[in-house]
Structure formats: structure tokens, C-alpha cells
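The structure appears right after this line, and notes come after that.
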Amino acid sequence: MSTRKIAEWKKESLEQLQGLMSKYTVIAAADLTKVRSSQIHELRKRLRDRVTMVVAKNNLLRKSVELGDFKEAKLGEFVKDLTGSNILLFSELNPYSLIILLDKSKVRVPAKAGDIATNEIMIPAGNTGLPPGPVISEFGEIRVRTKIEGGSIWVASDSVVARRGDKITAKMASVLSKLGLKPMEAGLTLVVAFDNGTILRGGDLTVDLPSYKNDLITAINDALNLSTEVGYVTVENAPRILVKGFREALALAGEAAFLEEGTIEYVLKRAVANATALDKKIPSQESA
Numbered sequence: 005m006s007t008r009k010i011a012e013w014k015k016e017s018l019e020q021l022q023g024l025m026s027k028y029t030v031i032a033a034a035d036l037t038k039v040r041s042s043q044i045h046e047l048r049k050r051l052r053d054r055v056t057m058v059v060a061k062n063n064l065l066r067k068s069v070e071l072g073d074f075k076e077a078k079l080g081e082f083v084k085d086l087t088g089s090n091i092l093l094f095s096e097l098n099p100y101s102l103i104i105l106l107d108k109s110k111v112r113v114p115a116k117a118g119d120i121a122t123n124e125i126m127i128p129a130g131n132t133g134l135p136p137g138p139v140i141s142e143f144g145e146i147r148v149r150t151k152i153e154g155g156s157i158w159v160a161s162d163s164v165v166a167r168r169g170d171k172i173t174a175k176m177a178s179v180l181s182k183l184g185l186k187p188m189e190a191g192l193t194l195v196v197a198f199d200n201g202t203i204l205r206g207g208d209l210t211v212d213l214p215s216y217k218n219d220l221i222t223a224i225n226d227a228l229n230l231s232t233e234v235g236y237v238t239v240e241n242a243p244r245i246l247v248k249g250f251r252e253a254l255a256l257a258g259e260a261a262f263l264e265e266g267t268i269e270y271v272l273k274r275a276v277a278n279a280t281a282l283d284k285k286i287p288s289q290e291s292a
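Going by our numbering, the first residue of the sequence shown is number 5, and it counts up by one from there.
Put into C-alpha cells, the structure is as follows:
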């Protein structure tokens with residue numbers, strides 16, 4: 005009876021995985037190492053309209069591909085290299101949009117001993133709400149100055165207890181927990197993705213948004229400058245071209261001493277400037 009139940013459970017899991025692989029064009033795997041169940045629960049709630057998440061053993065996933073009737077032969081290649089504990093993400097988003105979505109969906113979690121700080125961790129000055137006691141020595145051990153006021157422990161000044169890349173100690177984690185602080189940023193990191201027959205791994209799944217943004221801004225500015233210089237009119241550069249044309253027309257009018265309502269002030273100013281410059285070059289009678 006027990007064996008039959010296990011077999012039935014496996015059958016249902018296989019059918020679920022095969023159905024999802026047939027339905028979605030993008031399948032990704034994220035490493036579950038050091039990922040807490042509370043994080044997965046929160047991410048499922050946040051992303052349920054755009055991403056379906058399933059935790060499955062690698063052998064079961066390989067079996068579902070082996071027994072399924074899929075057009076994409078590379079699905080087998082996608083699953084065969086999976087190792088360790090992973091969560092599968094099924095979506096219609098392309099892998100890079102999925103990475104950005106996961107990055108924006110990171111959650112704040114308490115620090116644990118051994119964690120690596122993802123950002124600077126600061127304990128702000130003020131009332132901790134904690135009564136005086138042994139915890140005072142814990143603050144001292146992580147170099148946070150305190151004082152007793154109104155029956156509570158107060159942090160004397162803003163105190164940085166860890167910088168990005170530092171290892172969280174047991175004492176540090178204990179104090180942060182007592183203060184109710186959640187300094188760690190946690191989320192899922194994709195290790196491999198399958199997108200319509202294309203397999204992306206490792207560095208292919210890195211999205212450096214600040215760098216891409218700077219490159220895009222540079223490219224746009226270069227395109228605006230070039231199109232303005234050659235006079236290729238678009239909606240975006242039309243104001244620039246008009247300003248450039250006006251300035252060039254004024255300069256030409258000044259050179260040719262062409263007088264009309266829009267140029268007379270510029271032509272006269274240019275004439276005065278030229279006369280002043282010429283006057284300085286002519287020796288005065290006194291110096292002669």
C-alpha cells in the first residue's frame with residue numbers, strides 16, 4: 005500500500021512537470037542553498053501572476069523529460085547538468101526580465117551567524133526598547149556604545165557593525181535579532197535557464213543594470229549629437245537642430261553684415277566688437 009502511494013505521488017509530480025514544460029517557453033533553475041522556506045513562500049505570493057515555482061528533485065525532473073513528448077530536444081541537456089537543491093521557475097518572461105524581476109523581489113531577512121553582509125549594516129541611535137541586562141555586554145562586544153535612560157537601553161550614536169562582504173558573527177546576529185532588524189537581502193539566483201531551445205548558464209545570466217543604463221545614455225547622446233551635426237531631423241533632435249541652425253544663421257548674418265529685424269542687434273554688436281578689437285591694435289598718437 006505504501007509503495008503504491010509513493011508511485012502515485014511520483015506519477016502526479018511527473019505529469020505536473022511535463023504539463024508546465026509544455027506550457028511555458030522559459031524554464032529556469034535557481035539554487036536553493038541557504039534559501040529559507042519563508043523566502044520561497046513570500047516570493048510565491050509576490051510573483052504568482054507571472055512565475056510558477058516548483059521544487060522538484062533533479063532525478064524526477066530528468067525522468068519527466070525522458071518520458072515526455074517534447075519538441076525541444078535540448079530540454080534533456082538543460083536538466084542533465086542540474087546538481088544540488090534547486091527550485092524551477094516557469095514563465096513567459098525572457099530570462100533577463102526574470103532576473104530583473106527576481107532582483108526587485110528580494111526580501112529582507114534576519115541575519116544568521118556565518119552570513120555574508122550584502123550591504124553595510126548600521127544600528128541607528130536611539131531607544132532600543134530593551135531593558136538593562138546581560139544584553140548590554142553583547143552591544144559592547146560588537147562595539148556599539150550604549151547608555152541607560154528611562155529604564156531602557158539606548159544606542160548612543162549610529163553604529164556601523166558590518167560592511168559589505170563582512171561575515172556576521174553569532175553575537176552580531178543575536179543583537180540584530182533582539183532589535184528586530186532584518187539587514188540581509190535575500191532572493192533567488194538563477195543558475196541555468198532554457199529559453200525556446202537556447203540554454204543560458206553562469207555569466208550569460210548576469211544583468212548589470214547600472215552599466216547597461218550608462219551605455220544606453222552614452223549611445224543616445226552620441227546618436228543625438230551625430231544626427232544634429234549632419235542635420236538628420238527626428239522628433240528627439242528637432243529642437244537641437246533648430247537652435248544650431250539659428251546660431252549658424254546669426255553667425256552668417258554677422259559675417260555678411262546682413263541687416264533685418266532678427267539680426268540687427270547681433271550685427272551691430274559684432275561690428276562694435278570688431279571696431280574695439282581693431283582700435284586696440286592701432287597705435288595711439290601719444291605712443292607714436
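Glycine included, each C-beta is placed from N, C-alpha and C at the ideal position.
| query | result |
| --- | --- |
| Contact check, K186 vs R112, beta carbons under 8 Å | yes |
| Anticipated Cβ contact below 8 Å, L86 with T56, distance rounded | L86 to T56, Cβ: 18 Å. No contact. |
| Cβ contact check for the stretch 88-96 and the stretch 21-38: 3 or more pairs under 8 Å | yes |
| DSSP three-state assignment for K151, whether helix, strand or coil | strand |
| Buried versus exposed, by CB contacts within 10 Å (16 or more), P99 | buried |
| Contact set for S42: own chain, Cβ-Cβ below 7 Å, skip 5 residues either direction | none |
| Where the alpha helix (DSSP H) containing F82 begins and where it ends | 79-84 |
| Cross-strand partners of N131 (DSSP beta bridge) | W158 |
| Spatial distance of F250 from R274 (CA atoms) | 16 Å |
| Touch test, the stretch 216-233 against the stretch 148-162, Cβ-Cβ under 8 Å, three pairs minimum | no |
| Candidates R48, L36, I221: closest to L105 by CA position | R48 |
| Selection from G144, I140, V276, E252 that minimises the alpha carbon distance to G155 | I140 |
| Buried or exposed by the 16-neighbour rule on C-beta atoms within 10 Å, applied to I286 | exposed |
| Buried or exposed (CB count within 10 angstroms, at least 16 for buried), A242 | exposed |
| Proximity of E142 and S178 at Cβ, strictly below 8 Å | yes |
| R205 versus T193: straight-line alpha-carbon distance, rounded | 11 Å |
| Cβ-based neighbour list, G72, same chain, cut-off 6 Å, excluding 5 preceding and 5 following | Q22 |
| Three-state secondary structure assigned by DSSP to L282 | helix |
| Three-state class that DSSP yields for T7 in the structure shown | Confidence at T7 is low in this model, with a pLDDT of 46, below 50, so the placement of that residue should be treated as unreliable; the coordinate-derived value is given next. Helix, per DSSP. |
| CB of P128 within 8 Å of CB of I157, strictly | no |
| K217 beta carbon less than 8 Å from that of I172 | no |
| Distance CB(T37)-CB(G118) smaller than 8 Å | no |
| Start-end ranges of the alpha helix (DSSP H) lying completely within the stretch 5-42, minimum 4 residues | 6-27 |
| Which residues DSSP lists as bridging F250, in chain order | In DSSP, F250 forms no bridge with anything. |
| Proximity winner among V59, E19, D35, V271, relative to A330 (alpha-carbon distances) | Because the chain is modelled from 5 through 292, residue 330 falls outside the range shown and cannot be assessed. |
| Neighbourhood of D170 by C-beta, 6 Å cutoff - its chain only, sequence neighbours within 5 removed | A121 |
| Proximity of V247 and G258 at Cβ, strictly below 8 Å | no |
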